[in-house]
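2 protein chains.
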Amino acid sequence: MTLTQSSDAEALAGAMLPRTGERQRGIDRAIGVLELLLQRRQPLSAGEIARALKAPRSTIYEIVNRLIEAGMLEPAGAEGQVFFGRTMHLFGSAYLNSDSGLRRFGEALDSLSAATGATVQCCTRRNNKYVVLDCRDGTGAFRITSEVGAEVPLPWTASGRALLGHLSDEAILTLIPPADFRLPNGGLLSPNQFLSDVAQARQNGFFEATGLASSYTWCQAVPVFGRNGIAAFTLCFVLPIDSAVEQRERCLALLIEKARQLSHATAG
Amino acid sequence: MTLTQSSDAEALAGAMLPRTGERQRGIDRAIGVLELLLQRRQPLSAGEIARALKAPRSTIYEIVNRLIEAGMLEPAGAEGQVFFGRTMHLFGSAYLNSDSGLRRFGEALDSLSAATGATVQCCTRRNNKYVVLDCRDGTGAFRITSEVGAEVPLPWTASGRALLGHLSDEAILTLIPPADFRLPNGGLLSPNQFLSDVAQARQNGFFEATGLASSYTWCQAVPVFGRNGIAAFTLCFVLPIDSAVEQRERCLALLIEKARQLSHATAG
DNA sequence: GCATCTTGTCCGGAATATCGGACTGTCGTA
DNA sequence: TACGACAGTCCGATATTCCGGACAAGATGC
Numbered sequence: 001m002t003l004t005q006s007s008d009a010e011a012l013a014g015a016m017l018p019r020t021g022e023r024q025r026g027i028d029r030a031i032g033v034l035e036l037l038l039q040r041r042q043p044l045s046a047g048e049i050a051r052a053l054k055a056p057r058s059t060i061y062e063i064v065n066r067l068i069e070a071g072m073l074e075p076a077g078a079e080g081q082v083f084f085g086r087t088m089h090l091f092g093s094a095y096l097n098s099d100s101g102l103r104r105f106g107e108a109l110d111s112l113s114a115a116t117g118a119t120v121q122c123c124t125r126r127n128n129k130y131v132v133l134d135c136r137d138g139t140g141a142f143r144i145t146s147e148v149g150a151e152v153p154l155p156w157t158a159s160g161r162a163l164l165g166h167l168s169d170e171a172i173l174t175l176i177p178p179a180d181f182r183l184p185n186g187g188l189l190s191p192n193q194f195l196s197d198v199a200q201a202r203q204n205g206f207f208e209a210t211g212l213a214s215s216y217t218w219c220q221a222v223p224v225f226g227r228n229g230i231a232a233f234t235l236c237f238v239l240p241i242d243s244a245v246e247q248r249e250r251c252l253a254l255l256i257e258k259a260r261q262l263s264h265a266t267a268g
Numbered sequence: 001m002t003l004t005q006s007s008d009a010e011a012l013a014g015a016m017l018p019r020t021g022e023r024q025r026g027i028d029r030a031i032g033v034l035e036l037l038l039q040r041r042q043p044l045s046a047g048e049i050a051r052a053l054k055a056p057r058s059t060i061y062e063i064v065n066r067l068i069e070a071g072m073l074e075p076a077g078a079e080g081q082v083f084f085g086r087t088m089h090l091f092g093s094a095y096l097n098s099d100s101g102l103r104r105f106g107e108a109l110d111s112l113s114a115a116t117g118a119t120v121q122c123c124t125r126r127n128n129k130y131v132v133l134d135c136r137d138g139t140g141a142f143r144i145t146s147e148v149g150a151e152v153p154l155p156w157t158a159s160g161r162a163l164l165g166h167l168s169d170e171a172i173l174t175l176i177p178p179a180d181f182r183l184p185n186g187g188l189l190s191p192n193q194f195l196s197d198v199a200q201a202r203q204n205g206f207f208e209a210t211g212l213a214s215s216y217t218w219c220q221a222v223p224v225f226g227r228n229g230i231a232a233f234t235l236c237f238v239l240p241i242d243s244a245v246e247q248r249e250r251c252l253a254l255l256i257e258k259a260r261q262l263s264h265a266t267a268g
C-alpha cells in the first residue's frame with residue numbers, strides 16, 4: 001500500500017482489491033466496478049470506469065455488459081453511462097430481510113423514529129470510514145436526511161468516536177488517513193482531540209457532537225456491541241441544533257436503551 | 001430452453017446464465033450464486049450451491065470466498081452457510097436513491113400508504129414471474145406483508161393480469177410455464193380464464209382479484225406504462241377481504257391516479 | 001481542415017483461472 | 001467397526017479469459 005500518488009484505483013485497492021497492476025480476474029474487475037460506483041454515487045461510462053480503475057477498456061466493456069445482462073447494472077443517465085440495477089435492489093432487500101444482519105436494527109429505527117420524529121440512523125465502520133447503513137428521516141420542518149452507503153471520514157461524526165473504543169490510540173491514528181482530520185468546514189481537528197473524544201465516548205457509553213459534519217445539527221451516537229465486545233454498529237440521532245435540552249436528553253436515553261437491547265444480540 | 005428435466009441449474013440458466021455444462025467464467029459463476037440465493041431466500045453452504053448449480057465444488061468455494069471478502073456475501077446460519085452481505089445492501093440502496101429506477105415509486109408508495117394505511121406494493125415482471133419490487137406494509141390489525149424479490153407465478157396475482165396487456169394470447173401462454181396455473185390452494189386455473197382476465201385488465205386499466213394467492217385478501221393492480229407503452233410495473237393494494245366497498249373504491253381511485261402520474265415519466 | 005480525444009467493437013496471443021480429482025477429518029448410521 | 005456423505009483444502013494441467021492494440025466513427029477545439 002504505497003503512499004506515493006493517490007488515485008481511485010489505489011484507494012479501492014487499499015479497500016478491497018487484492019493485487020493491482022497485474023492481470024486480474026473477471027470477478028475482481030466486477031467487484032471493482034461495483035465499489036467504484038458505490039463510491040462515486042452517480043452513473044459512469046465504461047470509459048470513465050476503466051480510467052478510474054486503471055483497467056483495460058476492453059475488459060471493462062465486457063464486464064459491464066455482463067453485469068447489465070444480469071440486471072446488477074442498468075443503463076442510466078445520458079449516454080452509455082451505467083449505474084446499479086434493479087437486481088441489486090433485490091439482493092439488498094434479501095439481505096435486509098434475512099435474520100442476521102440489519103433486520104433488528106430496522107425495527108429499532110422504526111421504533112425510535114416513531115417515538116421522537118427525529119432522524120435516526122444505524123451506522124458502522126467500513127474501509128476505515130463511517131457509513132450509514134440504514135436510517136429513518138425525521139418529520140420536522142428541517143428535514144435532515146442522510147445517504148445510506150456514502151463513506152465519510154470517521155472524525156467528522158459522533159459515531160466515529162463511538163466506533164473506535166476498542167482500539168489503542170496508536171491503532172486509531174494508523175487507520176485514519178491524515179486528510180480525514182480536515183473537517184468539511186475547512187477547520188483542522190487535532191488528532192489528540194479526537195483521541196480524547198474516543199476515550200470520552202468509551203467512558204460514557206455515548207458521544208454527543210455538534211459542528212462537526214454540519215453546524216446545524218446536534219448528533220448523538222451510542223455504540224452497539226457484538227459478541228466479541230467490539231462496537232460493531234452505532235445508533236444515532238441527528239437533531240436540529242436548536243432542539244430543547246429535554247428533547248435531547250429524552251432521545252439520548254432512548255438511544256442508550258435500544259443500543260443496550262441490541263448489543264450482543266447481534267453478530268459482531 | 002429445454003423442457004426435459006427441471007433443475008435449479010436449468011431454471012437459472014433459462015433466467016440468466018448464458019451457457020451451461022461447460023467451463024464457465026468466474027463472473028458467471030458469481031452471478032449464478034447470487035441468483036440462486038435470491039431464489040432460495042435462505043443461507044446455503046458452498047456444497048449446496050455447487051450441487052444446485054451443477055458447478056465444481058472447488059470453484060464455488062473460491063467464488064464464495066471472494067464474494068465474502070467483498071462483503072457481498074456473509075457467513076450466515078449454522079455452519080459454513082452464506083447469504084447476502086452488508087455491501088449488497090449498500091449497492092441496493094444506491095440504486096433506490098438513484099434518479100432512474102424506483103425512486104419515484106418509493107414516494108408514491110409512501111403517499112398511498114399514508115392516505116390509506118393499507119399494504120401497497122410496486123411490482124414488475126422478472127424471469128416471467130411476478131416480483132414485488134418495493135412495498136409499504138399496512139397498519140391494520142391484519143398486517144399483510146409481502147416479501148420483496150420473491151418470484152411468484154404470474155397467474156397467482158392481480159398484477160400478473162395487468163402486466164401482460166401488450167402481449168398476444170399466444171405469447172402469454174408461451175411464457176407462462178404450465179405449472180404456474182396451479183394455484184397455491186391446489187385449484188387449477190384455466191388458461192382461457194387467465195387470458196380473459198388479461199383482456200379485461202387491458203380494457204379497464206386495472207384488475208381486482210380475490211382468492212388467488214390467498215383467500216383472505218382483496219387485491220387491486222393498476223399498470224404503470226413506460227415510454228414504449230408497455231406495462232413495466234404495477235401499483236397494487238392488498239386489502240383485507242372484508243374491507244368496506246367504499247374503502248375499496250377509494251383505494252382503486254387513488255391507485256389509478258398515481259399510476260397515471262407515474263406512467264411515461266419512468267423508464268420502460 | 002487538422003489534430004486530439006473520445007466511444008464502441010474486434011481480434012490474436014499468452015498468462016492463468018477454472019476444473020477435476022485427490023486427500024484429510026468429521027459426522028451419522030447401520 | 002465399517003461405511004457413506006459431507007466440509008474444506010490443495011494441486012497440476014489446459015482450455016480460456018483477459019489484455020493490448022488496432023480500427024472506424026464521431027465530438028471537440030483551434
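So the sequence lines, in the order shown, correspond to chains A and B. First residue of the first sequence? That's 1 in the UniProt record's numbering, and the numbers climb one at a time after it. First residue of the second sequence? That's 1 in the UniProt record's numbering, and the numbers climb one at a time after it. Every residue, glycine too, gets a C-beta built ideally from N, C-alpha and C. This structure is a prediction, so every number in the text was calculated from the model and none was measured.
The beta carbon of ILE27 (chain B) sits closer than 7 Å to some beta carbon of chain A. Taking 7 Å as the CB threshold, ILE31 (chain B) lines the interface with chain A.
Think of a sphere of 9 Å around the beta carbon of ILE63 (chain B): the chain A residues whose beta carbon falls inside it are ILE27, in chain order. When Cβ-Cβ separations below 7 Å define contact, LEU90 (chain A) makes contact with chain B. Going by beta carbons, ARG136 (chain A) and VAL120 (chain A) fall inside the 7 Å limit. In the DSSP assignment, PRO177 (chain A) falls outside any alpha helix (DSSP H), carrying neither H nor E.
At a C-beta separation below 7 Å, SER98 (chain B) has these neighbours in chain A: ALA76, PHE83 and PHE84.
Counting C-beta pairs closer than 8 Å gives fewer than three between the stretch 190-204 of chain B and the stretch 252-267 of chain B, which falls short of the contact rule. Considered as a whole, the stretch 83-159 of chain A harbours 119-126 and 129-136 as its complete beta strand (DSSP E) runs of no fewer than 3 residues, in chain order. When C-alpha distances from ALA259 (chain B) are compared across B:GLN203, B:VAL148 and B:PHE233, the shortest belongs to B:PHE233. Burial is judged here by how many other beta carbons sit within 10 angstroms of a residue's own beta carbon; PRO184 (chain B) has fewer than 16 and is exposed. A distance below 7 Å separates the beta carbons of SER45 (chain A) and GLN81 (chain A). Here HIS89 (chain A) is buried, its C-beta having at least 16 other C-beta atoms within 10 Å. Counting along the chain, the unbroken alpha helix (DSSP H) around GLN261 (chain B) starts and ends at 245-262.
GLY149 (chain B) has a beta carbon lying within less than 7 Å of a beta carbon in chain A. A Cβ-Cβ distance of about 4 Å is found for the pair PRO43 (chain A) and ALA76 (chain A), placing them in contact under the 8 Å criterion.
Less than 7 Å separates the beta-carbon of ALA221 (chain B) from that of SER159 (chain B). Interface residue (Cβ-Cβ distance to chain A less than 7 Å): TYR216 (chain B) is not classified as such. At a cut-off of 7 Å between C-beta atoms, SER93 (chain B) counts as an interface residue with respect to chain A.
Rounded to the nearest angstrom, the Cβ distance from ARG161 (chain A) to ASP197 (chain A) is 5 Å, consistent with a contact under 8 Å. In this structure, DSSP gives SER58 (chain B) a helical state, which the three-state scheme calls helix. Using a Cβ-Cβ distance cut-off of 8 Å, the stretch 167-181 of chain A and the stretch 202-218 of chain A are not in contact, since fewer than three pairs of beta carbons, one from each stretch, lie closer than that value.
Around ARG41 (chain A), the beta-carbon contacts reaching into chain B at under 7 Å are ALA94. Against ARG66 (chain B), the close residues of chain A are ILE27, in the order they occur along the chain (beta-carbon pairs closer than 7 Å). Just so you know, the alpha carbons of ARG66 (chain A) and SER263 (chain A) end up roughly 41 Å apart. When C-alpha distances from ARG51 (chain B) are compared across B:ARG41, B:GLU151, B:ILE68 and B:VAL33, the shortest belongs to B:VAL33. Per DSSP, the unbroken beta strand (DSSP E) holding PRO223 (chain A) starts and ends at 217-225. DSSP, read as helix, strand or coil, puts ALA231 (chain A) in strand.
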